[in-house]
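First up is the structure itself, then whatever we jot down about it.
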Amino acid sequence: IAPVLAPPPGAGDFGASWRSMIATFGRAVGREAKAAEVIAGVEAQFEGIRRAHPDWKEKTAVVAMPEGPLILTRSDVRTDVIAALGFDLPEAAQHLDRGGFFYRLDRELTAPLEADVVIWLDLGGGVEAVRRHPLRATMRAPREGREIVADPDLSAALSYASALSLDYALERLVPLLEQAADGDPETRVTPSEEAGLWR
């Protein structure tokens, strides 16, 4: 229905970084200099957030989808955004990365979800599957209130990873990360509480 641009070589579904997407769009419309300017602006925004939260570089975060659950790997643009804020995947989740953008996690395997912050993407179907996880009570993030539910708007903004959607995503996400990663299990993460995931 419209002209499309394929992912860059080596990048599969959701695998093109926000930088490469903006650069590609700039080349496609003959505005490479403007694209470089936009990229520099977004990078400066990320740098400013990292400077304001130096402790995040010592913490881990996982982006996941409730059904499965599905762990998003380093090849996924949403995990790339979280990494740009300073977080890293926990080691157990890193070992799952076999080239695709997600890994379907067996219910018995919880180590990849043992992160300082777990971000659940609600793509419109809610997070009831998270509440029903049979081993949920054994995981640290739920017990310590370190889960974030990204509602459909925030989930979409992270998934699009455009210059405009990233601005919106960071405005919404950073305060939630501050709540979830402050080290105090009594700090309530608002959307998680509203979704019924609070302890």
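For the sequence shown, my numbering gives the first residue as 5, with consecutive numbering after it.
Quick reminder that beta carbons are idealized off the backbone N, C-alpha and C, glycines included.
{"Query": "In chain order, which continuous runs of the beta strand (DSSP E) of length 3 or greater are located wholly inside the region 89–135?", "Result": "106–108 and 121–125"}
{"Query": "What separation, rounded to the nearest whole angstrom, lies between the Cα atoms of Glu-71 and Glu-36?", "Result": "39 Å"}
{"Query": "Return the CA-CA distance between Arg-150 and Ala-65, expressed in angstroms with no decimal places.", "Result": "10 Å"}
{"Query": "Could you spell out where the alpha helix (DSSP H) holding Glu-51 opens and where it closes?", "Result": "36–56"}
{"Query": "When we look at the beta-carbon of Pro-138 and count the other beta-carbons within 10 Å, is it buried (16 or more) or exposed?", "Result": "exposed"}
{"Query": "Quick check on the burial criterion: 16 or more other C-beta atoms within 10 angstroms. Buried or exposed for Gly-129?", "Result": "exposed"}
{"Query": "Per DSSP, which one or two residues make a beta bridge with Ala-141?", "Result": "Note: Ala-141 sits in no beta bridge, so no partner."}
{"Query": "Report the three-state DSSP secondary structure of Ala-185 (helix, strand or coil).", "Result": "coil"}
{"Query": "Is it true that the CB of Ser-159 sits closer than 9 Å to the CB of Leu-127?", "Result": "yes"}
{"Query": "Does DSSP put Thr-64 in a helix, in a strand, or in coil?", "Result": "strand"}
{"Query": "Going by DSSP in three states, Glu-198 sits in which element: helix, strand or coil?", "Result": "helix"}
{"Query": "Residues in its own chain within less than 6 Å of Lys-61 by CB, not counting five upstream and five downstream?", "Result": "Gly-90"}
{"Query": "Below 8 Å on the Cβ atoms is my contact criterion, and I expect Arg-144 with Glu-118 to pass it. Report the Cβ-Cβ distance as a whole number of Å.", "Result": "6 Å"}
{"Query": "Provide the residue(s) that pair with Asp-154 in DSSP beta bridges, ordered along the chain.", "Result": "First, the residue type needs correcting, since residue 154 is Ala and not Asp in the sequence shown. Bridge partners of Ala-154: Leu-125."}
{"Query": "Please report the distance separating the alpha-carbon of Ala-27 from that of Leu-177.", "Result": "24 Å"}
{"Query": "By Cβ distance below 6 Å, which residues in the same chain neighbour Arg-108 in space, the five residues on each side in sequence not counted?", "Result": "Gly-72 and Leu-74"}
{"Query": "How long is the line joining the alpha carbons of His-99 and Val-67, rounded to whole angstroms?", "Result": "15 Å"}
{"Query": "Give me the residue from Val-8, Trp-124, Glu-132 and Ala-39 with the minimum Cα distance to Asp-157.", "Result": "Trp-124"}
{"Query": "Where do the N-terminal and C-terminal ends of the alpha helix (DSSP H) with Gly-30 fall, by residue?", "Result": "22–32"}
{"Query": "Would you mind sorting Thr-194 into buried or exposed? The rule is 16 or more other CB atoms within 10 Å of its CB.", "Result": "exposed"}
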